[in-house]
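Each residue of the sequence shown is one higher than the last, beginning at 20 in my numbering.
Virtual Cβ for every residue (Gly too), placed ideally from N, Cα, C.
Beneath this line is the structure, given in structure tokens, with notes to follow.
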Amino acid sequence: MQNEESRASTHAQKAQAIATLNDRFRSRLHIPVFGRPDVPGTFLLTSGITQLSPLAQVDILARVRGFDSFTEDNDPYGEHDFGSLDHAEAGKVFWKIDYYADDSCMYGSEHPEDPSSSYRVLTIMLASEY
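As structure tokens, this is what we get:
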């Protein structure tokens, strides 16, 4: 029993560490970084997003950057790695953070809770592109 509790506690701590890194990573979406970012990664916008008006793009990026509407339904693992929002021009928009071992993005990260052994990719897309 104690071993199961220990594993659950470790899992919860890992999820919290990942969520904190994901929130920090998202908070710099299209904000200039001077020096080396503390959470390595890149941002991708699908063609559907880039074809929207500049004002719509700016609004969507700001809303993804500030997203904090996480619930048990949309964030079952507590990692803050996915969200959706409704936008007047774009309709439903999804965003997702994936974890890779490095910036080659060839292999998934075994330790996304460790920024020195993970590289994040945040993709923002129209729901219709999924």
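According to DSSP, is residue i helix, strand or coil?
{"i": "G67", "result": "helix"}
{"i": "R26", "result": "helix"}
{"i": "F62", "result": "strand"}
Quick check on the DSSP output: the beta strand (DSSP E) that includes residue i runs from which residue to which?
{"i": "H104", "result": "The amino acid occupying residue 104 in the given sequence is Leu; His does not appear at that position. Element bounds for L104: F101 to H106."}
{"i": "I143", "result": "Y138 to L145"}
How far does the alpha helix (DSSP H) with residue i in it reach, from first residue to last?
{"i": "D117", "result": "Element bounds for D117: not the alpha helix (DSSP H) but the beta strand (DSSP E), G110 to Y119."}
{"i": "I50", "result": "Neither: I50 is in no alpha helix (DSSP H) and is coded neither H nor E."}
{"i": "P3", "result": "What the structure shows of the chain is the stretch from 20 to 149, and residue 3 is not part of that stretch, so it cannot be assessed."}
I believe residue i touches residue j by the beta-carbon criterion, under 8 Å. Please report the beta-carbon distance rounded to the nearest angstrom.
{"i": "K33", "j": "E132", "result": "5 Å"}
{"i": "G67", "j": "E148", "result": "5 Å"}
Using 8 Å as the threshold, is the stretch 57 to 75 in touch with the stretch 85 to 102, meaning 3 or more CB pairs across them?
no
Does the contact criterion of 3 or more C-beta pairs under 8 Å hold for the stretch 71 to 86 versus the stretch 41 to 50?
yes
On the three-pair Cβ rule with 8 Å, is the stretch 100 to 107 touching the stretch 120 to 129?
no
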